[in-house]
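Taking it in order: structure first as structure tokens, then the write-up.
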Amino acid sequence: MSTETQHELGITNQEVVEQLLEEIRTGGPESKQFIDATFNTLDLRDHVISPPDNGTLDFRHTTFEGKLRLENATITNEISFHGSRFQQVWMNGVEFAKEANWYGCEFDGTVKADGATFGGKLLFARSVFQYGVRFRKSPTFEGQAVFTGASFNSYARITGGRFGALAYFRDVTFQQANFTNTRFSEAVYFGDAMFETKAHFAETVFGGRTYFGNKDRDDDRDAATIACQLNLTDATIRSLMDFEGVVFRDQQDGSDRDSSADVLLDGLTCTGRVNFAPSVPGDQYIKINVIDARVDAGTLAQPTNGTALYDFCRTTVGDITVTTDPYDESALDAIRFVECDFTEFDFSRYRPALEPDYQIHQFSAIAAIPDNDLLPAIEETTYQKAKTGADSIGDNRAASAFFIREMRARKRRLAAQISQNTTGKKRFEYRLRYETNRFFDLIANYGESARRVIAFSLVTVLGYTGIYGLLYGISGNEPYSSSPRFISYLLLSLESFTGLVHEGGTSVDSWFIRLVAASEGFVGAFLIALFLFALTRSVYR
35 MSTETQHELG
45 ITNQEVVEQL
55 LEEIRTGGPE
65 SKQFIDATFN
75 TLDLRDHVIS
85 PPDNGTLDFR
95 HTTFEGKLRL
105 ENATITNEIS
115 FHGSRFQQVW
125 MNGVEFAKEA
135 NWYGCEFDGT
145 VKADGATFGG
155 KLLFARSVFQ
165 YGVRFRKSPT
175 FEGQAVFTGA
185 SFNSYARITG
195 GRFGALAYFR
205 DVTFQQANFT
215 NTRFSEAVYF
225 GDAMFETKAH
235 FAETVFGGRT
245 YFGNKDRDDD
255 RDAATIACQL
265 NLTDATIRSL
275 MDFEGVVFRD
285 QQDGSDRDSS
295 ADVLLDGLTC
305 TGRVNFAPSV
315 PGDQYIKINV
325 IDARVDAGTL
335 AQPTNGTALY
345 DFCRTTVGDI
355 TVTTDPYDES
365 ALDAIRFVEC
375 DFTEFDFSRY
385 RPALEPDYQI
395 HQFSAIAAIP
405 DNDLLPAIEE
415 TTYQKAKTGA
425 DSIGDNRAAS
435 AFFIREMRAR
445 KRRLAAQISQ
455 NTTGKKRFEY
465 RLRYETNRFF
475 DLIANYGESA
485 RRVIAFSLVT
495 VLGYTGIYGL
505 LYGISGNEPY
515 SSSPRFISYL
525 LLSLESFTGL
535 VHEGGTSVDS
545 WFIRLVAASE
555 GFVGAFLIAL
565 FLFALTRSVY
575 R
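Using the working numbering, the first residue of the sequence shown is number 35, and each one after it goes up by one.
Following this line, the structure appears as structure tokens:
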């Protein structure tokens, strides 16, 4: 009866509850049907509702003009509120032993179900929630949870939830979605869902397949639309997570936006596989941050329009595939790796994109990206780790290139340290290390170029040839009187270069010239050793 009729008859809410419970306990199946009924406040807190005949409690198309209160109640039978309308529903701690059907309901006020237990199937499909919905404090969903087509016009907080079976959020509209610290044991579907202002999945565990994209069981189903930041910080992915075709809309263009990410995967642990193939409107771009995370496998694709930037920082990178044509020189332009550990990432697959400079620490796809430059020390560590990763899979060519970039970043770091230490022992130490680094880069490309050692050796021999010409010109003697002057000086230089002590075919009487020859012998021995090292290294690479 309506609130007005109840007041006219002088019937209290408590009397209504007592009569209702009596009918449920003692009546037949018809006594459990309250179809098209109207209730004021229905307070069933702390009650155990357990009819002996296991019939369904039928409240279809019922209107609740006041609160429905089910806190700490236990309902052992199936219950249906299909098509009903509510003001407020408070059911913290409730336990539904069997199916609870709220299909197509309208909720004009708040819904509270903190710590609730749903032992059977939970059905909220096509329901409309005008105000906040709270499933907090570890609510348990033991059966399928079906929210397909529901509309959450305010916040939806399903935090700490435990989903033991399939969960369906297809075609759901979320104004604010918060799934923090939730556990999905089986597959969960978000295809065709809309996330308006908040999509928060921090510390959530996805035990089964998770579909934000359109590659679930229905081939014709659209992907989700995300118009806000997607937060998966510290989440765990144990199976597949699919983002194919997901639409990221209303993103700023490159000239106006800040460095904030559109997708946060910071601290993510992915022992399964994550597939990104987003859709971006126009010429805009989205940024996907993967920081302090672990990604064992996955696919990174570019949208047809716009750009998806993948920013990996201090992340363990496994067998990730970039679906852009690996022979495309721009295949890695939208990916940045900073201080990452590489376990199974195959650099050789993207040789055309990496060569000639093997640059992985900056985005190249868009001209101006905030925070695109790194400190030399961070760049050095980045390429040190990349070198280790390339070595681990036997990609010697990439390892060589990364080693060169590591050493050149170290040179820039030392230069910065020199400028920061204007006096004293530290400045001298940094200067010595800087010049040593610079010297080895110049003569041997850090031991990676035997040809550069040969070239420097030829320059050395010719340089000493000129010195000998100058010294013998002053003394008026010639090392080999029977040959042209240049040839005699060249022969002396070659003999000195290939031996620590001059024992060539001519006698050198001047102690100073012998000292110069000995110095060339020392330099020659060093360069010969360096050549052998570089040659062996190049063959190995």
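For every residue, glycine included, the Cβ atom is placed at its ideal position computed from N, Cα and C. Keep in mind it's a predicted model, so treat the numbers as computed, not measured.
If you draw a straight line from the alpha carbon of residue i to that of residue j, how long is it in whole angstroms?
i	j	result
Y506	L466	35 angstroms
A159	E57	29 angstroms
S527	R486	20 angstroms
V50	A199	37 angstroms
R291	C374	Confidence at R291 is low in this model, with a pLDDT of 45, below 50, so its placement is unreliable and the value that follows should be read with caution. Between R291 and C374, the C-alpha separation is close to 26 angstroms.
Y392	A443	13 angstroms
D407	A365	20 angstroms
T193	R439	46 angstroms
A484	R383	26 angstroms
Q209	G183	14 angstroms
G153	R103	19 angstroms
S219	F474	56 angstroms
T259	V280	6 angstroms
T144	R170	13 angstroms
D256	V206	12 angstroms
N265	V162	25 angstroms
T305	T270	8 angstroms
R571	F436	14 angstroms
M125	F213	19 angstroms
Any idea if residue i is buried or exposed, counting beta-carbon neighbours within 10 angstroms, 16 or more meaning buried?
i	result
L299	buried
T46	exposed
Y361	exposed
R5	The structure shown does not extend to residue 5, since the chain spans only 35 to 575, so no value can be given for it.
D268	buried
V123	buried
D25	Because residue 25 is not part of the residues shown, which for the chain are 35 to 575, the question remains open.
I69	exposed
T349	buried
W136	buried
K419	buried
V82	exposed
F587	The requested residue 587 is not part of the displayed model; the chain covers only 35 to 575.
D359	exposed
T173	Position check: residue 173 holds Pro in this sequence, whereas Thr was assumed. When all chains shown are included, P173 counts as buried.
Q336	buried
F556	exposed
S491	buried
K459	exposed
Please determine, among the options, the residue with the shortest C-alpha to C-alpha distance to residue i.
i	options	result
E176	K132, R160, E230	K132
E230	Q336, E529, F381, F186	F186
S190	G225, F141, L200	Here the sequence assigns Ala to residue 190, which means Ser is not the residue at that position. Taking only the C-alpha atoms, the option nearest A190 is F141.
S114	T75, M125, Q67	Q67
D380	A432, T338, G89, L476	A432
P390	T377, F376, E363	E363
F93	L76, V82, H81	L76
A211	E512, A221, A551, A227	A227
P85	F531, I354, L55, L343	L55
N479	A559, I501, F567, D425	F567
T494	R472, G558, S426	G558
I320	R283, I501, L266	R283
P312	A342, D353, N430, T305	A342
G117	A134, G533, L78	A134
A411	I394, R196, G340, K445	K445
K11	N265, G166, R307, N215	Here the chain has residues from 35 to 575 only, and residue 11 is not among them.
A489	I452, L561, A107, L524	L561
Y524	E554, L549, D80	The sequence shown places Leu at residue 524, not Tyr. Selected option, being the one with the closest Cα: E554.
Leaving out five residues on either side along the sequence, give the residues of the same chain with a beta carbon under 7 angstroms from the beta carbon of residue i.
i	result
A563	none
Beta-carbon within less than 6 angstroms of residue i's beta-carbon, same chain only, minus the 5 sequence neighbours each way: which residues are those?
i	result
F310	F277, L334
R119	T97, E140
Q178	K155, A199, L200
L448	Y464, R467, Y468
R243	A221, S273, L274
S398	D367
E129	T108, T151
V297	L264, I322
T499	Y523, L524, S527
Within the same chain, show all residues whose beta-carbon is closer than 8 angstroms to that of residue i, passing over the 5 residues directly before and after it, in chain order.
i	result
E512	Y506, R519, S522
S426	F376, T377
H95	I69, D70, H116, G117, S118
R461	I452, N455
Fully enclosed by the stretch 84-110, which beta strand (DSSP E) runs are 3 residues long or longer? 101-103
Sequence ranges, alpha helix (DSSP H) only - wholly within the stretch 254-340, length at least 4: none
Runs of beta strand (DSSP E) wholly within the stretch 183-244 (minimum 3 residues, chain order): 185-191, 207-212, 228-234
Suppose only complete runs of 4+ residues qualify. What are the alpha helix (DSSP H) ranges in the stretch 395-441, listed by chain order? 410-426
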